[in-house]
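Everything in the sequence shown is counted per our numbering, starting at 2 for the first residue and increasing by one.
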Amino acid sequence: YEPQSDLPLLEQLRNFGLSVWNSFLMSMLGFICLILLFPLNFILPALGFLPGMLAGSYFYALMFLVGNAAHRFQGLRHLREVLPGNRMLVLGYGSFIYLVMIIPFSAAVFLPAAVIGATMIYNERLIATPSPNDEQDSA
Numbered sequence: 002y003e004p005q006s007d008l009p010l011l012e013q014l015r016n017f018g019l020s021v022w023n024s025f026l027m028s029m030l031g032f033i034c035l036i037l038l039f040p041l042n043f044i045l046p047a048l049g050f051l052p053g054m055l056a057g058s059y060f061y062a063l064m065f066l067v068g069n070a071a072h073r074f075q076g077l078r079h080l081r082e083v084l085p086g087n088r089m090l091v092l093g094y095g096s097f098i099y100l101v102m103i104i105p106f107s108a109a110v111f112l113p114a115a116v117i118g119a120t121m122i123y124n125e126r127l128i129a130t131p132s133p134n135d136e137q138d139s140a
């Protein structure tokens, strides 16, 4: 078996580099949020987990969406342009996936469904949503 691609080698390497860079940025953003929110667990033991869970679930959903953007040769900048009107959708999606993944052995069943769900959100909601820059250009 030999994989076939219509893209030249330089475009494939560019796509690979974009994926690595997006993964690095998402990991660093998640780590910074972890460092900032971790002390909150000790200050408010009963409710301190909630901001960390919400931030973690948001980044969890973003990681799935960044993968879809990378397949279209678009990076985090594109997602930053189209996310403002869909933040609650992304947070709700990430929270559901976060809670489902707490159940032992559920990742084997629900992780492929999570990827499919992120692809559907990206294709149906985020690409169909005009970015604020597009509205300014047309005026």
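Heads up, the beta-carbon is just placed ideally off N, CA and C, and yes, glycines get one too. Since the structure is predicted, the reported quantities are computational estimates derived from the model, not experimental observations.
Asked                                                                                                      : Found
Contacting residues, own chain, Cβ-Cβ under 8 Å from L80 (five flanking each side not counted)             : L63, L66, V67, A70, L127
Straight-line Cα distance separating V21 from L14                                                          : 10 Å
Outcome for L51 when other beta-carbon atoms lying within 10 angstroms are tallied against a minimum of 16 : exposed
For L112 and L11, the rounded distance between their alpha carbons                                         : 31 Å
C-alpha gap between A47 and P40, whole angstroms                                                           : 13 Å
Residue-level contact to chain B via CB, N23, 8 Å cutoff                                                   : The displayed structure is made up of one protein chain only, and chain B is not part of it.
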